[in-house]
Amino acid sequence: MIDVAKARAETPGIEHQAFFYNSGAGLMPRPVLDALHEHLDLEARIGGYAAEEAAAPKLQATYESIARMLNCSTDEVAVVENATVAWCQAFYGLAQDMQPGDNVITVVAEYASNFIALLQTVKRRGIEIVVAPNDASGQVDVAALEALIDDRTKLIAVTHVPTSGGLVTPAAEVGKVARRHGAPYLLDACQSAGQMPLDVQELGCDFLSATGRKFLRGPRGTGFLYASKAIMERHEPPVLDLHSAEWVAPDRYEMAATARRYENWENYIAGKVGLGVAVDYALSLGLENIQERNRLLADDLRERLDMIPGVTVRDAGVDRCAIVSFSHDRYKPEEVMQRLADQGIAIGNSAPGSTRLDFEARHLPDLCRASVHYLNTEDEIAMLASAVAGL
Ligand SMILES: Cc1ncc(COP(=O)(O)O)c(C=O)c1O
Numbered sequence: 071m072i073d074v075a076k077a078r079a080e081t082p083g084i085e086h087q088a089f090f091y092n093s094g095a096g097l098m099p100r101p102v103l104d105a106l107h108e109h110l111d112l113e114a115r116i117g118g119y120a121a122e123e124a125a126a127p128k129l130q131a132t133y134e135s136i137a138r139m140l141n142c143s144t145d146e147v148a149v150v151e152n153a154t155v156a157w158c159q160a161f162y163g164l165a166q167d168m169q170p171g172d173n174v175i176t177v178v179a180e181y182a183s184n185f186i187a188l189l190q191t192v193k194r195r196g197i198e199i200v201v202a203p204n205d206a207s208g209q210v211d212v213a214a215l216e217a218l219i220d221d222r223t224k225l226i227a228v229t230h231v232p233t234s235g236g237l238v239t240p241a242a243e244v245g246k247v248a249r250r251h252g253a254p255y256l257l258d259a260c261q262s263a264g265q266m267p268l269d270v271q272e273l274g275c276d277f278l279s280a281t282g283r284k285f286l287r288g289p290r291g292t293g294f295l296y297a298s299k300a301i302m303e304r305h306e307p308p309v310l311d312l313h314s315a316e317w318v319a320p321d322r323y324e325m326a327a328t329a330r331r332y333e334n335w336e337n338y339i340a341g342k343v344g345l346g347v348a349v350d351y352a353l354s355l356g357l358e359n360i361q362e363r364n365r366l367l368a369d370d371l372r373e374r375l376d377m378i379p380g381v382t383v384r385d386a387g388v389d390r391c392a393i394v395s396f397s398h399d400r401y402k403p404e405e406v407m408q409r410l411a412d413q414g415i416a417i418g419n420s421a422p423g424s425t426r427l428d429f430e431a432r433h434l435p436d437l438c439r440a441s442v443h444y445l446n447t448e449d450e451i452a453m454l455a456s457a458v459a460g461l
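Numbers given in the numbering used here equal positions in the sequence shown, counted from 1, plus 70.
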C-alpha cells in the first residue's frame, strides 16, 4: 500500500545509513526540508515578520492538517515548541486548582518529564500520585484503573506509547473510563503520533500532546496540543502572553477563546510550516497503512532478535508498535549502538530515568531501542538483526 521506494527516494538521510532511530528523531522527507528552506530563505530576503505574513495561508494549513489528523476542529489545536511544553500547558493549568489530597491517576509506562511534573505538584500542592497497575501482558489494567478513580481524582494522565518500548496503552479504553467518571484525561501521544491513527473522538481525551520530530518526521522544535472545546471552557494555561491573551484594560486580560491560548507569540515559523507539510505527508500515505507496515516490520525484527542467543526482546503489552526494545546479556546499549553505527546502522537506547516505574517494576537493564518506520526495508531489518547476532 505504501510506495516504499518513493518514500525512500524522498528521504536524503537514508542514503548512508539504515535508520532505526525514529523514536529519537525521524528523518525529514524532502517536502518538509523544502518547506523549511523556502521559509528560511524568505525570512532572509524580506525579514521574519513579512515572511510570516506571506506564510499566513501555510500556517493556517498546518492547523487544518493537524485537525484533520486528530479529527478535531482547528480551534482545538495549538502549535508549540515540543511535546513537553504541550503537556505542561495542559497539566500545570489543571494543577493550579488542585488541593492537598486530590489525586492524579497515571500509568507504569508514564514518561519521565510528565512524572517529574507530577512529583513537583506533590511537593507544591500536596496531591497524590496514584499509579494504575499493569495486567499480565504488561499494559495498564483498565478495570483496575477505573477502580482507583474517586471524587478526589482531578486528572488521568497516560502515556500512549512509552519512550522505551513497543507497548501501546489501550488509550481509547482509558478514555471511556475517564468519560464515564467525568475525569479530565491527558494523553501523551508523543511516540504514537505519526506511527498510528489518532482520533481524539475515539480516544476520548480532553488533551493530547505530541511532538513533530519523531514518527511524524517533522522539524525539531515543533509540537502540538489538542484541547477539547469542552475542557477549554474551564481551563487556563499556566503561562499566558499577549498572543494567548489580550490585555483589554489596565486590570484585566481576556484569554484567547481557542487553543491559541496555549501558544506563545514568538515561535518557529519555518518549523510550523514544515510541521504542516510533515502531517500532510503522513496523511497522504495513510496512518492506517503506516501502522500496518510498521507492525509487520517491527514483528519481523522482534522475531529475528528473539532467535539470537543472549538477546532478549523487552516489549510489553498486547498491541506492540514500531519501537523494538531489547537487551544484550554481554553488551551495554552504548556499545551496541556504537558497533552498529560503525556498520551504518542507527539505533537508540533507553535508560531507567526515562520510564523509571516500568524499568524498576520489570527489573530491566538499560535497553537498546530500534524503532522501525515504513520506509525501512525488509533487507534493513535482516541486516540489523544479523549485525546484532554478529556482536
Ligand atoms: C513518551 C514521550 N513523551 C514526551 C516526550 C517529550 O517530547 P519532547 O522532547 O518533544 O518534549 C518524549 C520524548 O522522547 C516521549 O518519548
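Every residue, glycine too, gets a C-beta built ideally from N, C-alpha and C. The structure presented is a predicted model; accordingly, all values stated were derived computationally and were not measured.
Quiz item: Can you give the Cα-Cα distance for A352 and A75, rounded to whole angstroms?
Solution: Rounded to whole angstroms, the separation of the alpha carbons of A75 and A352 is 15 Å.
Self-check item: Best match in Q190, L312, L345 for proximity to M168 [C-alpha to C-alpha]
Solution: Of the listed residues, the one whose Cα sits closest to M168 is Q190.
Quiz item: Which class does C438 belong to by DSSP, given the choice of helix, strand or coil?
Solution: Strand at C438.
Self-check item: Presumed contact (8 Å Cβ cut-off) between C391 and G236, rounded CB distance
Solution: Confirmed, about 5 Å.
Quiz item: Would you call the region 403-421 and the region 355-373 touching, i.e. three or more CB-CB distances under 8 Å?
Solution: Short answer: they don't touch.
Quiz item: Would V388 be called buried (16 or more neighbouring beta carbons within 10 Å of its own) or exposed?
Solution: That one is exposed.
Practice problem: On the DSSP bridge assignment, give the partners of L278 in chain order. | Solution: Paired residues: L257, Y296.
Exercise. Compare the beta carbon distance of Y444 and I72 with 8 Å and say whether it is the shorter of the two.
Key: Cβ atoms of Y444 and I72: closer than 8 Å.
Self-check item: L375 in three-state terms, based on DSSP
Solution: L375: helix per DSSP, three-state reduction.
Self-check item: Contact set for L218: own chain, Cβ-Cβ below 7 Å, skip 5 residues either direction
Solution: Apart from the 5 residues on each side of it in sequence, L218 sits with its Cβ closer than 7 Å to the Cβ of I175, V200, A202 in its chain, given in chain order.
Self-check item: Residue of T223, L461, A421, E362 minimising C-alpha distance to L410
Solution: Of T223, L461, A421, E362, the smallest CA-CA separation from L410 is found for L461.
Quiz prompt | Whole-angstrom distance between H313 and R330, CA atom to CA atom | solution = Cα to Cα, R330 sits roughly 8 Å from H313.
Quiz prompt | Per DSSP, cross-strand counterpart(s) of N173 | solution = Paired residues: E198, T223.
Self-check item: Expected contact under 8 Å - CB spacing of L112 and A121 to nearest Å
Solution: About 4 Å separates the beta carbons of L112 and A121, which is inside the 8 Å limit, making them a contact pair.
Practice problem: Taking 8 Å as the cut-off, decide whether the C-beta atoms of T382 and P232 are in contact. | Solution: At the C-beta level, T382 and P232 stay beyond 8 Å of one another.
Exercise. List the DSSP bridge partners of T229.
Key: DSSP output for T229 lists D258 as bridge partner(s).
Exercise. Report whether the distance from the Cβ of Q190 to the nearest heavy atom of ligand 1 is below 7 Å.
Key: No, the Cβ of Q190 stays beyond 7 Å of every heavy atom of ligand 1.
Quiz item: Would you report the Cα separation of P379 and S441, rounded to the nearest angstrom?
Solution: One C-alpha to the other measures close to 21 Å.
Quiz item: Do P254 and D269 have their CB atoms nearer than 8 Å?
Solution: No; because the gap between Cβ atoms is not below 8 Å, this pair is not in contact.
Quiz item: Taking 7 Å as the line, does the beta carbon of S183 fall inside it for any heavy atom of ligand 1?
Solution: Judged by the Cβ position, S183 qualifies as a neighbour of ligand 1 at the 7 Å threshold, a heavy atom of the ligand being closer than this.
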